[in-house]
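Inspection log for the structure reproduced underneath, given as structure tokens.
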Amino acid sequence: MSSLAGKVALVTGGNSGIGLATAREFHANGAKVVISGRDPETLERVARQLGSNVLAVHADVTRLNDIDQLMARAYETFGKLDVLFVNAGIFKGASLEEVDEAAFDEMLNANFKGAYFTVQKALPFLNESASIIFNGSVNALTGIANSSLYTANKGAVHGLARALAAELIGRGIRVNTITIGPTSTQLLTRSGSSQAILDAQDVARISRSPVKRLGRPEEVAKVALFLASDDSSFVVGAEIAADGGWLLNII
Ligand SMILES: NC(=O)c1ccc[n+]([C@@H]2O[C@H](COP(=O)([O-])OP(=O)(O)OC[C@H]3O[C@@H](n4cnc5c(N)ncnc54)[C@H](OP(=O)(O)O)[C@@H]3O)[C@@H](O)[C@H]2O)c1
């Protein structure tokens, strides 16, 4: 039997990159899948590609009303929620001096406020024994220059996940985090950096990586599948790295 047969899974940012690969993996393993995002075109295309038992909802996680409607539509359509992948996020690199209040708010709202209220507003619809998976980052556990906002946002996400793991396990809800290393998606290309900076970032990320390559979104999706399924029934409050060894100290 498929490991998510009969389950309903919601993936924020399910129309691109890691979220899209995870939505595909969940669907291929028997789940009914809800994907959300801001871009109507990719939402519709992904929903069409995945086929039956898929709901695509336009929802900006920085708007609490949108999150309310996302949860309501998911519940109206599928009647329950078993898996929540808190994935939507953005990256914009900048030095401390370059960050202004607007940039601060934009990143914090998308990466942390969005994650926080996604879980709060999903909670009434989550089953006992539901699985919440946070999209975390190696940035949260290391120091990477010119990424203070993103690093602080992801640090907050990791902290939130730990607190909620303790708070929600009493209801049978497991909360875990995937600590994701550099992965080949549109995250950096959408950051507004020039192609030259993007190329240099890729070279730096690959040369620092023990596996000497970027991760593929599908490799992260496999870890999300494990955390979503009952195979991980004893895994609570964990931070599982899918990072090609990025966090290792290799001597
Ligand atoms: N790629 C990496 O190296 C890496 C490493 C560690 C962690 N991560 C994390 O992985 C997550 C997914 O990123 P990705 O790498 O897959 O990049 P991506 O391809 O750019 O995907 C980002 C996703 O987030 C959605 N999103 C962004 N802001 C949103 C908002 N305000 N409301 C709703 N949806 C929003 C996007 O939807 P729209 O397209 O509709 O805007 C898109 O589906 C992020 O949280 C990122 O921080 C990535």
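In the numbering used here, the protein residues as written are -14 to 236. A virtual CB, placed ideally from N, CA and C, is assigned to each residue, including glycine.
I need the DSSP call for residue i, collapsed to helix, strand or coil.
{"i": "Gly222", "result": "coil"}
{"i": "Arg201", "result": "coil"}
{"i": "Leu(-11)", "result": "coil"}
{"i": "Val84", "result": "coil"}
{"i": "Val46", "result": "coil"}
{"i": "Arg23", "result": "coil"}
{"i": "Ile163", "result": "strand"}
{"i": "Ala16", "result": "coil"}
{"i": "Val(-4)", "result": "strand"}
{"i": "Thr127", "result": "coil"}
{"i": "Val208", "result": "helix"}
{"i": "Thr170", "result": "coil"}
{"i": "Val196", "result": "coil"}
{"i": "Leu55", "result": "helix"}
{"i": "Gly40", "result": "Contrary to the premise, residue 40 reads as Leu rather than Gly in this sequence. Leu40 falls in the strand class under three-state DSSP."}
Under the rule that 16 or more other beta-carbon atoms within 10 Å means buried, what is residue i, buried or exposed?
{"i": "Gly200", "result": "buried"}
{"i": "Thr174", "result": "exposed"}
{"i": "Ser133", "result": "buried"}
{"i": "Leu81", "result": "exposed"}
{"i": "Arg30", "result": "exposed"}
{"i": "Glu10", "result": "buried"}
{"i": "Ile118", "result": "buried"}
{"i": "Val205", "result": "buried"}
{"i": "Arg198", "result": "exposed"}
Measuring alpha carbon to alpha carbon, tell me which residue in the options is nearest residue i.
{"i": "Gly74", "options": "Asn138, Ile225, Ala189, Leu81", "result": "Asn138"}
{"i": "Ile20", "options": "Ser1, Gly230, Arg190", "result": "Ser1"}
{"i": "Ala227", "options": "Phe89, Asn120, Gln105, Thr174", "result": "Asn120"}
{"i": "Thr103", "options": "Val142, Ile129, Glu26", "result": "Val142"}
{"i": "Asp187", "options": "Arg147, Gly166, Gly22", "result": "Gly166"}
{"i": "Leu66", "options": "Glu113, His43, Gln54", "result": "Glu113"}
{"i": "Ala59", "options": "Leu40, Phe76, Leu126", "result": "Leu40"}
{"i": "Ile129", "options": "Leu(-11), His12, Trp231", "result": "Trp231"}
{"i": "Gly140", "options": "Ile163, Arg156, Arg23, Glu152", "result": "Ile163"}
{"i": "Pro25", "options": "Leu49, Thr7, Asn38, Gly(-2)", "result": "Gly(-2)"}
{"i": "Ala148", "options": "Lys197, Ala125, Tyr101, Gly177", "result": "Tyr101"}
{"i": "Leu28", "options": "Asn38, Val71, Val42", "result": "Val42"}
{"i": "Leu49", "options": "Lys17, Lys106, Arg193", "result": "Lys106"}
{"i": "Glu224", "options": "Arg23, Ala125, Ala79", "result": "Ala125"}
{"i": "Arg193", "options": "Asn94, Ala(-6), Val123, Asn96", "result": "Val123"}
{"i": "Lys77", "options": "Thr47, Met56, Ala88", "result": "Ala88"}
{"i": "Phe110", "options": "Arg156, Gly22, Val208, Thr127", "result": "Arg156"}
{"i": "Val196", "options": "Asn14, Leu233, Phe97", "result": "Leu233"}
{"i": "Ala115", "options": "Leu212, Gly99, Ile3, Arg190", "result": "Leu212"}
{"i": "Ala79", "options": "Leu(-5), Ala(-6), Ser176, Ser37", "result": "Ser176"}
{"i": "Ile52", "options": "Asn94, Gly99, Asp90", "result": "Gly99"}
{"i": "Ser(-13)", "options": "Gln34, Gly15, Asp85, Ile191", "result": "Gly15"}
{"i": "Arg33", "options": "Thr47, Asp45, Val18", "result": "Val18"}
{"i": "Val46", "options": "Gly(-9), Ala185, Ala95, Gly144", "result": "Ala95"}
{"i": "Gly22", "options": "Leu35, Glu91, Leu55, Ala6", "result": "Leu55"}
So residue i is in the alpha helix (DSSP H); what residue range does that whole segment cover?
{"i": "Gly2", "result": "2 to 13"}
{"i": "Lys255", "result": "Nothing can be reported for residue 255: it is not among the residues displayed for the chain, which extend from -14 to 236."}
{"i": "Arg190", "result": "180 to 193"}
Determine the extent of the beta strand (DSSP E) in which residue i is found, giving its start and end residues.
{"i": "Ile117", "result": "111 to 122"}
{"i": "Phe70", "result": "66 to 71"}
{"i": "Thr136", "result": "Thr136 -> not in any beta strand (DSSP E); alpha helix (DSSP H) instead, spanning 133 to 153."}
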